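Enquirer:
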Amino acid sequence: TAEVASTWISDGTADRIVKWKRAEMTARGALARRHLRTLRGVTPMNSPHLWLNLPRPWTADDFAREARSRGIIITPARAFAAGPDAPEAIRVCIGAAADRKVMVEALRTLDTLARDPRVAFSAVV
5 TAEVASTWIS
15 DGTADRIVKW
25 KRAEMTARGA
35 LARRHLRTLR
45 GVTPMNSPHL
55 WLNLPRPWTA
65 DDFAREARSR
75 GIIITPARAF
85 AAGPDAPEAI
95 RVCIGAAADR
105 KVMVEALRTL
115 DTLARDPRVA
125 FSAVV
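Residue numbers (the numbering used here): 5 to 129.
(1) Are the segment 27 to 36 and the segment 69 to 79 touching by the rule of at least three beta carbon pairs closer than 8 angstroms?
(2) Please work out which residues of its chain come closer than 7 angstroms, Cβ to Cβ, to P59, disregarding the five sequence neighbours upstream and downstream, and give them in chain order.
(3) For A18 and A9, what's the separation of their Cα atoms in angstroms?
(4) Looking only at its own chain, which residues have a Cβ that is under 7 angstroms from the Cβ of V129, when we skip the five neighbours before and after it?
(5) So, is R20 buried or exposed, given that buried needs 16 or more other C-beta atoms within 10 angstroms?
(6) Less than 8 angstroms between the C-beta atoms of I94 and A36, yes or no?
(7) Can P52 and A64 be called in contact, C-beta distance under 8 angstroms?
(8) Determine the direct distance from the alpha carbon of I13 to that of A6, and round the result to whole angstroms.
(9) Counting along the chain, where does the alpha helix (DSSP H) carrying L56 start and finish?
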């Protein structure tokens, strides 16, 4: 592993990979911002993750459970909180999707889910 890393650093492969990943995450982030209407948050432009606030009455745990039932794995913010006061928010990894089309479809599904209070209330009850 060290030899491969050393070779990639020496021959410029590592730099090309980093540039490609930054460009890809920036493009995916722009797509996410364009397709998310309900879910909003603060995320750096080339981050592989979106941090999104949930509208009421959603809780992050219920939203994550409903997303999972639709085949989308997201993480409630409390998994990253150091204390008990985590926001009702989620982390979505946009870098994990196989391609941009799959990512956009998943984000549209999440956004639609966030707008449906009937599902939120049924998840809470």
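Even for Gly, the Cβ is constructed at its ideal location relative to N, Cα and C. Just so you know, these numbers come straight off a predicted model, no measurement behind them.
Expert: According to the structure data:
(1) no
(2) Position 55 of the sequence shown holds residue 59. Cβ within range, chain order: T42, A118.
(3) By one-based count along the sequence shown, residue 18 stands at place 14. By one-based count along the sequence shown, residue 9 stands at place 5. Roughly 8 angstroms between the two C-alpha positions.
(4) Numbered from its first residue, the sequence shown carries residue 129 at position 125. Residue confidence is low: V129 scores 47 on pLDDT, short of 50, so the model does not pin down where it sits. Its coordinate-derived value is still stated next. Contacts found: none.
(5) The residue given as residue 20 occupies position 16 in the sequence shown. Its Cβ having fewer than 16 others within 10 Å, R20 is exposed.
(6) To locate residue 94, count along the sequence shown from 1; it is residue 90. To locate residue 36, count along the sequence shown from 1; it is residue 32. No. Outside cutoff.
(7) In the sequence shown, counting from the first residue as 1, residue 52 sits at position 48. In the sequence shown, counting from the first residue as 1, residue 64 sits at position 60. Contact flag unset, no.
(8) For this step, residue 6 is matched to residue 2 along the sequence shown. For this step, residue 13 is matched to residue 9 along the sequence shown. Distance between the alpha carbons of A6 and I13 is about 10 angstroms.
(9) Position 52 of the sequence shown, counting from 1, holds the residue named residue 56. Looking at the DSSP string, L56 is not in any alpha helix (DSSP H); the run it does join, the beta strand (DSSP E), is 53 to 57.
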